[in-house]
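These notes are about the structure you will find just below.
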Ligand code: IMP
Ligand code: MG
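Residue numbers (this note's numbering): 11 to 190.
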């Protein structure tokens, strides 16, 4: 594919198994909110695109999907510097139960910002689901109820995660060699 793609860290079968487990737990805990018309699933674009597509197809209850955009680091860098919204927080959040879905929790800035914004918009509850949680010292420490995998402090791509906009389409999660 690309010489910079090194070992696969988490393969497609492991991802599929874990997404199924997360979906089962989310169903057990949040189906009543959905049935009461309160649940809104909020994918954080663009990294959560593949994850959320697999996840929501295993949640057989009614809920709207309202994506938000956050830019964490522009261009070809591997360290986030600040997080800012690239789309407004959707309307109609007051009294709702929000499930934020992101690809990875790294410095924590992105999810801390979103939790704050959705709380400000009057959400009754804000819960967070990430596929990956990096083992790093976080700048911010947002609560995260649903975590797929803890991963070491390496730069990963695939299954939605990108480097400079590329490699989101890899079906597995692989380590990117950022030196070469
Ligand atoms: P945070 O604000 O530092 O927690 O960064 C979160 C965002 O940075 C995620 O939504 C990802 O888009 C991106 N990110 C962090 N680590 C990686 C990685 O290893 N590969 C690809 N994207 C990453
Ligand atoms: Mg992201």
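Backbone N, C-alpha and C fix where the C-beta goes; we use that ideal spot for every residue, glycine too.
A heavy atom of the ligand IMP is found nearer than 7 Å to the CB of residue 120. Judged by the Cβ position, residue 110 fails to qualify as a neighbour of the ligand IMP at the 7 Å threshold, every heavy atom of the ligand being at least this far. The beta carbon of residue 58 lies closer than 7 Å to those of 111, 112, 113 and 170 in the same chain, with the five residues before and after it left out.
Going by C-alpha positions, residue 120 is about 9 Å away from residue 152. In the DSSP secondary-structure assignment, residue 137 is bridged to 109. Remark: three or more beta-carbon pairs, one from each stretch, lie closer than 8 Å, so the stretch 66-81 and the stretch 39-54 are flagged as touching. Distances from the CA of residue 71 to each of 103, 61 and 34 were compared; the closest alpha carbon is that of 34.
Exposure of residue 130 is indicated by the presence of fewer than 16 other C-beta atoms within 10 angstroms of its C-beta.
Boundaries of the beta strand (DSSP E) harbouring residue 54: 49-55, taken from the DSSP string.
Boundaries of the alpha helix (DSSP H) around residue 35: 22-45. The C-beta separation of residue 177 from residue 167 comes to about 4 Å, placing the pair in contact by the 8 Å criterion.
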